Amino acid sequence: MKNIILSTAAAALLLVSCNQKNKEAVSNTPEPKEIASQSYACSMHPEVTGKKGEKCSKCGMELTEPVKPAAAPQTDKDSLTVKAGTKTAESGFSIDAIVADYLALKNALTKDDANLASKAGKKLYAAFNTIDPGSMDVKLKKEYLDIADDAKEHAEHIGANAGKIAHQREHFVMLSNDINDLLKTFKTSQMLYQDYCPMADEGKGAIWISEIKEIKNPYYGSDMLTCGSVKKTL
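Numbered per my numbering, the sequence shown spans residues 97 to 330.
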């Protein structure tokens with residue numbers, strides 16, 4: 097009987113000890129850190145940020161788009177001016193003429209001038225045809241020709257559709273992607289900006305390349321000239 101009483105007492109003490117340790121463990125568990133407040137941006141003017149539901153200072157729309165954390169700095173691999181581009185520039189190959197004609201086309205669209213855009217499109221098409229990629233190595237030459245073939249098609253459509261600015265702008269979306277791809281590999285002599293319009297291409301969003309930091313939207317012209325934001329410097 098005495099042994100039973102001692103065993104029961106020991107078990108009770110052990111239970112109390114375990115409960116005490118559990119309480120200490122719970123009390124010592126660090127509280128979760130407070131989640132940082134989420135910022136939101138205007139869908140038409142991503143540079144305008146604030147709390148969800150606040151009004152955009154530019155267009156009055158509510159801020160509804162969650163702002164993503166800043167991306168990590170680009171590595172040399174991701175940079176839009178890579179060593180391959182430097183090499184081709186040293187060998188005499190340059191895309192400066194292509195970029196200049198593309199920018200002229202872009203500026204015509206910002207002014208809603210379909211006729212001027214048509215002339216710029218024809219000139220850009222000719223620029224692609226006059227450039228000789230023969231000085232490049234085989235891999236770079238293939239990359240250039242693949243991009244150029246697609247870009248020429250869109251430049252040709254823009255040139256052939258004077259007076260049809262909506263159709264020109266549809267092809268300008270894809271042409272801008274081609275020019276952006278060229279700038280990932282081949283060096284240019286001027287500072288450029290990759291801009292973004294969230295409303296372009298039927299709300300899917302589209303980029304364009306600009307020589308000025310100020311936003312002048314080629315997809316909407318005078319209707320929404322300042323819609324968009326600078327995504328990166330090239």
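Virtual Cβ for every residue (Gly too), placed ideally from N, Cα, C.
Remember, predicted model here, so these are calculated numbers, not experimental data.
Please state the DSSP three-state secondary structure of residue i.
| i | result |
| --- | --- |
| residue 301 | coil |
| residue 162 | strand |
| residue 248 | helix |
| residue 217 | helix |
| residue 86 | Nothing about residue 86 can be read from this structure; the chain reaches only from 97 to 330. |
| residue 283 | coil |
| residue 270 | helix |
| residue 212 | helix |
| residue 296 | coil |
| residue 201 | helix |
| residue 190 | coil |
| residue 278 | helix |
| residue 196 | helix |
So is the beta-carbon of residue i under 7 Å away from any non-hydrogen atom of the ligand GTP?
| i | result |
| --- | --- |
| residue 260 | Looking for the ligand GTP in the displayed structure turns up nothing, as the structure carries no ligands at all. |
Report the residue from the options whose alpha carbon sits nearest the alpha carbon of residue i.
| i | options | result |
| --- | --- | --- |
| residue 359 | 202, 203, 198, 264 | Only positions 97 to 330 of the chain appear in the structure, and residue 359 is not among them; the question remains open. |
| residue 298 | 284, 267, 287 | 267 |
| residue 307 | 269, 237, 192 | 192 |
| residue 303 | 286, 190, 323, 285 | 323 |
| residue 154 | 276, 321, 329 | 321 |
| residue 274 | 294, 239, 233, 317 | 239 |
| residue 195 | 214, 220, 213, 296 | 220 |
| residue 292 | 222, 211, 272, 210 | 272 |
| residue 231 | 280, 201, 189 | 189 |
| residue 283 | 237, 330, 294, 134 | 330 |
| residue 294 | 149, 212, 326 | 326 |
| residue 317 | 246, 150, 202 | 202 |
| residue 237 | 269, 217, 281, 212 | 281 |
| residue 148 | 278, 210, 136 | 136 |
| residue 277 | 285, 265, 242 | 242 |
| residue 257 | 214, 305, 134, 156 | 214 |
| residue 269 | 150, 301, 144, 235 | 301 |
| residue 265 | 217, 290, 142, 246 | 217 |
Based on DSSP bridge pairs, tell me the residues matched to residue i.
| i | result |
| --- | --- |
| residue 291 | 304, 326 |
| residue 206 | For residue 206, which the question treats as bridged, DSSP gives no partner whatsoever. |
| residue 146 | 136 |
| residue 55 | The structure shown does not extend to residue 55, since the chain is modelled only from 97 to 330, so the question has no answer here. |
| residue 151 | 158 |
Inter-stretch contact at 8 Å, needing at least 3 Cβ pairs: the segment 202 to 213 / the segment 306 to 326: As far as the Cβ criterion goes, the segment 202 to 213 touches the segment 306 to 326, which means the pair count is three or higher.
For the pair the segment 247 to 258 and the segment 157 to 166, tell me if three or more CB-CB distances fall below 8 Å. With contact defined as three or more Cβ pairs closer than 8 Å, the segment 247 to 258 and the segment 157 to 166 are not in contact.
Contact between the segment 226 to 235 and the segment 254 to 268: three or more CB pairs below 8 Å? Verdict: no, contact absent.
Considering only residues of the segment 222 to 267, which uninterrupted alpha helix (DSSP H) runs meet the minimum length of 4 residues and lie entirely inside it, listed in chain order? Listed in chain order, they are 234 to 255.
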